[in-house]
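Reminder that position 86 of the sequence shown reads as 85 in numbering that gives the first Met the number 0, one-by-one numbering, no gaps. Built from N, CA and C at the ideal position, the CB exists for glycine as well. Data block below; observations after.
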Amino acid sequence: MKKILVPLDGSENSKRALARAKELGELYKAQLILLTVIDNGRFFSIEFKDELIRILEQNAKELLEKQEKELEDYPFGVKTMYKLGDVPDEIINVADEEDVDLIVIGTRGLGAFSRAVLGGVSHKVVTHANRSVLVVK
Numbered sequence: 000m001k002k003i004l005v006p007l008d009g010s011e012n013s014k015r016a017l018a019r020a021k022e023l024g025e026l027y028k029a030q031l032i033l034l035t036v037i038d039n040g041r042f043f044s045i046e047f048k049d050e051l052i053r054i055l056e057q058n059a060k061e062l063l064e065k066q067e068k069e070l071e072d073y074p075f076g077v078k079t080m081y082k083l084g085d086v087p088d089e090i091i092n093v094a095d096e097e098d099v100d101l102i103v104i105g106t107r108g109l110g111a112f113s114r115a116v117l118g119g120v121s122h123k124v125v126t127h128a129n130r131s132v133l134v135v136k
């Protein structure tokens, strides 16, 4: 196992998923890839869509920077990224693009901003990903 993808949204479930991914990463000497996805499909009818997406992008960057800083002593590498799009599709796409060995995902997310690890998202990822998926409660 060389790469582990961890979708994050700042929820307690995503924090637990990251902790489990870190344990596995240390065991297998794997790089961690931290991903936050902004579901831009929900904003097409909002008048201030561009401004809202800009704010959500900033929130995503801050979340990823915080998590990366907390992992600064992780010896096998941490990569961060955020994407805009359909959350489960983006998780699956990144898993394929990065050729990850495992996706570690939480069961539920925070809400409108943080659609990265909702129960429906984790179900779709488990069902459609061509990668192994560990769902953390």
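By Cβ distance below 8 Å, which residues in the same chain neighbour residue i in space, the five residues on each side in sequence not counted?
| i | result |
| --- | --- |
| Gly40 | Gly84, Asp85 |
| Leu62 | Leu7, Asp8, Gly9, Thr35 |
| Arg15 | Gly105, Val135, Lys136 |
| Ile52 | Ile37, Asn39, Phe42, Leu83 |
Tell me which residues share the same chain as residue i and place their Cβ nearer than 7 Å to its Cβ, disregarding the 5 neighbours each side in the sequence.
| i | result |
| --- | --- |
| Lys99 | Checking the displayed sequence, the identity of residue 99 turns out to be Val instead of Lys. Closer than 7 Å at the Cβ level, and outside the excluded window around Val99, lie Lys2, Ile3, Leu4, Ile32, Arg130. |
| Val134 | Ile104, Thr106, Ser121, Val125 |
| Glu97 | Lys2, Leu4, Ile32 |
Would you grab the beta carbon distance between residue i and residue j for me? Rounded to a whole angstrom, and I think it's under 8 Å.
| i | j | result |
| --- | --- | --- |
| Tyr81 | Lys60 | 7 Å |
| His29 | Met0 | Reading off the sequence, residue 29 comes out as Ala, not His. Rounded, the Cβ-Cβ distance is 5 Å, consistent with contact. |
Would you kindly report the start and end of the unbroken alpha helix (DSSP H) that includes residue i?
| i | result |
| --- | --- |
| Tyr137 | Any question about residue 137 goes unanswered here, given that the chain covers just 0 to 136. |
In chain order, what residues of the same chain lie with their CB nearer than 6 Å to the CB of residue i, ignoring the 5 residues before and after it?
| i | result |
| --- | --- |
| Val77 | Leu31, Glu67, Leu70 |
| Pro87 | Val120, Lys123, Val124 |
The beta strand (DSSP E) that contains residue i, what's its start and end?
| i | result |
| --- | --- |
| Val99 | It is not in any beta strand (DSSP E) - Val99 carries neither H nor E in the DSSP assignment. |
| Leu70 | Element bounds for Leu70: n/a, residue is neither H nor E. |
| Leu7 | First-last for Leu7: undefined, no H or E at that position. |
Checklist entry - Are the stretch 9-16 and the stretch 68-87 touching, with three or more C-beta to C-beta distances below 8 Å? => result Result no; under three Cβ-Cβ pairs closer than 8 Å.
Next on the checklist: For a minimum of 4 consecutive residues, which ranges assigned as the alpha helix (DSSP H) are wholly contained in the stretch 18-72?
Outcome noted: 48-69
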